[in-house]
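Q:
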Amino acid sequence: MASAIDAFNEALNEDKVWLKVFVYAIPIYLLAKGYLTGKSEILNFYAAMCAVFYFSLLTVGINNVRKNRCEIITFNPFTILKSVILSAIVLIPYSLVCGIIGNFLTTKFVIPVEIDNFQVIYTVVVWAILGSIVLTAYLSFAKYMKVSQGFNYKLISESCIDVLLAFLLFIPQLAIANLIIVGPVFYLYFFFNLPFDNFCFVAYCSGAFVINLSIVANYFAQIAYEYIKGSDAEYEDNIQLHEIDSRSDFMK
Numbered sequence: 013m014a015s016a017i018d019a020f021n022e023a024l025n026e027d028k029v030w031l032k033v034f035v036y037a038i039p040i041y042l043l044a045k046g047y048l049t050g051k052s053e054i055l056n057f058y059a060a061m062c063a064v065f066y067f068s069l070l071t072v073g074i075n076n077v078r079k080n081r082c083e084i085i086t087f088n089p090f091t092i093l094k095s096v097i098l099s100a101i102v103l104i105p106y107s108l109v110c111g112i113i114g115n116f117l118t119t120k121f122v123i124p125v126e127i128d129n130f131q132v133i134y135t136v137v138v139w140a141i142l143g144s145i146v147l148t149a150y151l152s153f154a155k156y157m158k159v160s161q162g163f164n165y166k167l168i169s170e171s172c173i174d175v176l177l178a179f180l181l182f183i184p185q186l187a188i189a190n191l192i193i194v195g196p197v198f199y200l201y202f203f204f205n206l207p208f209d210n211f212c213f214v215a216y217c218s219g220a221f222v223i224n225l226s227i228v229a230n231y232f233a234q235i236a237y238e239y240i241k242g243s244d245a246e247y248e249d250n251i252q253l254h255e256i257d258s259r260s261d262f263m264k
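Per the working numbering, numbering through the sequence shown is continuous, rising by one, with the last residue being 264.
1) Check for me: the alpha helix (DSSP H) holding R78 runs from which residue to which?
2) Between the Cα of R81 and the Cα atoms of T119, L55 and N25, which residue gives the shortest distance?
3) Quick one: Cα of V197 to Cα of S169, how far?
4) Comparing C-alpha positions only, which one of I240, L69, S226 and N210 sits nearest to S144?
5) Check whether the Cβ atoms of T118 and Y106 lie closer than 9 Å to each other.
6) Here's the rule: buried if 16 or more other CB atoms are within 10 angstroms of the residue's CB, otherwise exposed. What is V136?
7) My assumption, with CB atoms under 8 Å, is that A189 sits in contact with A16. Please give the rounded CB distance.
8) Would you report the Cα separation of L69 and A23, rounded to the nearest angstrom?
9) Just list the beta strand (DSSP E) runs in the stretch 72-154, keeping only unbroken ones of 3 residues or longer that don't cross its boundaries, in chain order.
10) Just mark N21 as buried or exposed, buried being the case when its beta carbon has 16 or more other beta carbons within 10 Å.
11) So what does DSSP say about E26, is it helix, strand or coil?
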């Protein structure tokens, strides 16, 4: 079963973890300080670029975990660029189709049932199911970075509910992990009545964001392995890759 504890441990033990936290926290820090001092159109554009960049890091991280590589977050710019392009090929069609279907089912299609909050519950269920399809397609693609797997509709339909349940279980686990990472520092600032826009606190939270990214990548990779079943050939290839990586590390 996918475990946030394992993902947390792996995130803190990967190769050059603190260097990566320092480097990749810088854009988040600059963005956070920008919003704290004054929101602008330029900041919104910068935020969008950061979202694409960190999402690509997440994609590469999932792939790295599934291929048993020593790193989760990468410094390789070509791999990051490749993940942006391939992720867009998979996610844009799914997001458009599921968005149109979800909008129709929740705004144009009204079920005449006289139950309190039924329409709200119905709307949440519809978007949860459609969201699970998009997430499953993304994870199916990301685990081996193969676009064709992102459009394996049979595999996605069989796995999406399990992926949704695993994702919902992950949310409270991630919240607990952040209580451990950020909670003590937050309490110190609150107790001594220090400003939360202080340089040190913003920098610390920016680093925590990068650690969270690594945790999510590891957990998503676990979900992809456990609930999105690939072919036997894929798993054999994965084992061989692991053996090759292990021999390479030994030779080093």
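Where is the CB? At the ideal position from N, CA and C, for every residue including glycine.
A: To lay it out plainly:
1) From DSSP, the alpha helix (DSSP H) with R78 extends over E53 to R78.
2) Proximity to R81 across T119, L55 and N25 peaks at N25, based on C-alpha coordinates.
3) Going from the Cα of V197 to the Cα of S169 covers about 43 Å.
4) Closest in C-alpha terms to S144, from the list I240, L69, S226 and N210, comes I240.
5) No, the pair does not count as a contact, with Cβ atoms beyond the cut-off.
6) V136 is exposed by the Cβ-count criterion.
7) Sure, about 6 Å apart at Cβ, within 8 Å.
8) CA-CA distance, L69 to A23, rounds to 13 Å.
9) Not a single unbroken stretch of the beta strand (DSSP E) spanning 3 or more residues falls wholly within the stretch 72-154.
10) Label assigned to N21: exposed.
11) Annotated three-state conformation of E26 is coil, per DSSP.
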